[in-house]
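To get my numbering, take the position in the sequence shown, counting from 1, and add 6.
Working notes, structure below.
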Amino acid sequence: MKLRTLGLATTFSLTLLGFATAPAAAAAGLPFEVKPVGTFKSPWAMAFLPNGNLLVTQKEGTMILFDPATGTRRTVSGTPAVSSKGQGALMDIVPAPDFAASKRLYFSYSEAGTGADSRLVLATATLDQAGGTLKDTKAIFRGQEASTGGHYSGRIGFSADGKHLFFTSGDRQLFDPAQDPKSTLGKVLRLNLDGTPAAGNPLAAKGFHAAVWSYGHRNLLGIAFDRQGRLWEMEMGPRHGDEINLIKPGLNYGWPKASNGSHYDGRDIPDHAPGDGFESPKVFWDPAISPGGLAYYDADLFPKWKNSLFITGLSGQSLDRIALDGENATKADHWDMGERIRAVRTGPDGALWLLEDGPRGRLLMLTPKR
């Protein structure tokens, strides 16, 4: 991994003093070194660029261009207005498959709608790293408006051939739209790179919105393809019942008719059961860990962890490893990180990178213990 300085006139170096000590939990018994690299204001997601720099999104709507090697950072100009009330945020960010040539980014955010309503937005922009700005920013998909302040989801993944984009649209805490064929809420969507519904989506002929790939979801906070091209999805359950799902075209994943959790007021929800007509999760948590992020790992730095999913826990203050074997998934490791963990990514050199949640959330680099 080549980490270079940004070479920007208006950058400043972070003082790394105070970051040298990992969380207390990380100091004992963890199978990796934990190196704090920087702090951010309520960070939400991150994306590595080909030169080793990072883009970090922050809840209130700012995007930071950051060099992990030197600590230099710059606030990227040109970001759209974000409604950050409740669970609203500048959310996911992923370079386009042809980023090296196009410099195009895909990102998601919540924006104000009519009155007190808000909606999820998927957008593209061209990144000018030298100028530290987004250019030609364009919203290519807007979700339905809702007056609730949560369950936007907004996670982005590209198919292996780079021709299609998969986008998660949460139920916005409205429950029933997840089962509504005409609604895009509570769904995994399959889109063309311009944000229009992709041809051949499995439910369009049955009267569903043309973008829908799968349905019956709650708050989908992670998607990732494995090496065989299988699409894995992670979502936060209600009161417990957090899930890992293997997403297949046209299937109904049950929410809100089936869940291995319960309503927050204690009312029961029928558990997933054979023959109920819904696709059951491959892994679930009870009690909940409140998952915040997901990454697929297949790098060489941690060879024993190849072909695994990594899941971050917010209330769980944790990092979990899920071992994959074909279409099967098994809980393999659970590590107490001592802080709420918002996001996880695999770095260019195979290190695992985490973002802590909160107003001084740290960026952590995980490498094998010596």
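All C-beta atoms in this analysis are idealised placements derived from N, C-alpha and C, irrespective of residue type, glycine included.
Does residue i come out as helix, strand or coil in the three-state DSSP assignment?
{"i": "Gln179", "result": "coil"}
{"i": "Arg217", "result": "Contrary to the premise, residue 217 reads as Ala rather than Arg in this sequence. Of the three classes helix, strand and coil, the one that applies to Ala217 here is coil, per DSSP."}
{"i": "Trp311", "result": "helix"}
{"i": "Asp331", "result": "strand"}
{"i": "Gly283", "result": "coil"}
{"i": "Ser296", "result": "coil"}
{"i": "Glu345", "result": "coil"}
{"i": "Arg351", "result": "strand"}
{"i": "Arg245", "result": "strand"}
{"i": "Gln357", "result": "A small fix is needed here, since residue 357 is Ala in this sequence, not Gln. Coil at Ala357, not helix or strand."}
{"i": "Asp339", "result": "strand"}
{"i": "Ser324", "result": "strand"}
{"i": "Ala53", "result": "strand"}
{"i": "Ile275", "result": "coil"}
{"i": "Gly228", "result": "strand"}
{"i": "Glu362", "result": "strand"}
{"i": "Pro42", "result": "strand"}
{"i": "Gly58", "result": "coil"}
{"i": "Leu370", "result": "strand"}
If the criterion is Cβ atoms closer than 9 Å, does the pair residue i and residue j meet it?
{"i": "Trp238", "j": "Gly192", "result": "no"}
{"i": "Asn225", "j": "Phe214", "result": "no"}
{"i": "Trp359", "j": "Met343", "result": "no"}
{"i": "Gly84", "j": "Ala152", "result": "no"}
{"i": "Leu96", "j": "Ala102", "result": "no"}
{"i": "Gln64", "j": "Phe46", "result": "yes"}
{"i": "Leu369", "j": "Arg346", "result": "no"}
{"i": "Gly364", "j": "Asp306", "result": "no"}
{"i": "Leu361", "j": "His340", "result": "no"}
{"i": "Val289", "j": "Thr318", "result": "no"}
{"i": "Asn266", "j": "Asp292", "result": "yes"}
{"i": "Ala264", "j": "Gly298", "result": "no"}
{"i": "Gly162", "j": "Leu128", "result": "The residue asked about is misnamed: residue 162 is Ile in this sequence, not Gly. Against a cut-off of 9 Å, the Cβ pair of Leu128 and Ile162 comes out as a contact."}
{"i": "Phe231", "j": "Leu195", "result": "no"}
With a threshold of 16 other CB atoms inside 10 Å of the CB of residue i, please say whether the residue is buried or exposed.
{"i": "Ala301", "result": "buried"}
{"i": "Gln456", "result": "With the chain running from 7 to 376 in the structure shown, residue 456 is simply not present."}
{"i": "Gly332", "result": "exposed"}
{"i": "His269", "result": "exposed"}
{"i": "Arg376", "result": "exposed"}
{"i": "Gly49", "result": "In the sequence as presented, Gly is not what sits at residue 49; that position holds Pro. Classification of Pro49: buried, given that the 10 Å Cβ count is 16 or more."}
{"i": "Glu66", "result": "exposed"}
{"i": "Gly283", "result": "exposed"}
{"i": "Asn334", "result": "exposed"}
{"i": "Arg366", "result": "exposed"}
{"i": "Thr27", "result": "Summary for Thr27: the model assigns pLDDT 44, below 50, so the residue's position carries little reliability, and this model does not support an answer."}
{"i": "Pro287", "result": "buried"}
{"i": "Pro309", "result": "exposed"}
Fill in: Three CB pairs or more closer than 8 Å across the segment 266–277 and the segment 198–212
No, they do not touch.
Practice prompt. Could you name each continuous beta strand (DSSP E) segment of 3 residues or more that falls completely within the segment 143–214, going from the start of the chain to the end?
Written response: Fully enclosed beta strand (DSSP E) runs of 3 or longer: 159–164, 170–175, 193–198.
Practice prompt. Write down every uninterrupted run of the beta strand (DSSP E) in the segment 61–140 whose length is 3 residues or greater and which is fully enclosed by it, in chain order.
Written response: The segment 61–140 contains these whole beta strand (DSSP E) runs: 69–72, 79–82, 96–101, 110–118, 124–134.
Worksheet entry | Cβ pair count under 8 Å reaching 3, the segment 240–252 against the segment 177–186 | With a cut-off of 8 Å, the segment 177–186 and the segment 240–252 do not count as touching, because too few Cβ pairs lie within range.
Worksheet item: Between the segment 72–87 and the segment 147–162, are three or more C-beta pairs nearer than 8 Å?
Response: The segment 72–87 is not in contact with the segment 147–162.
Worksheet entry | Sufficient close CB pairs (3 or more, under 8 Å) joining the segment 116–128 to the segment 151–165 | Yes, since at least three Cβ pairs between the segment 116–128 and the segment 151–165 fall closer than 8 Å, the two stretches touch.
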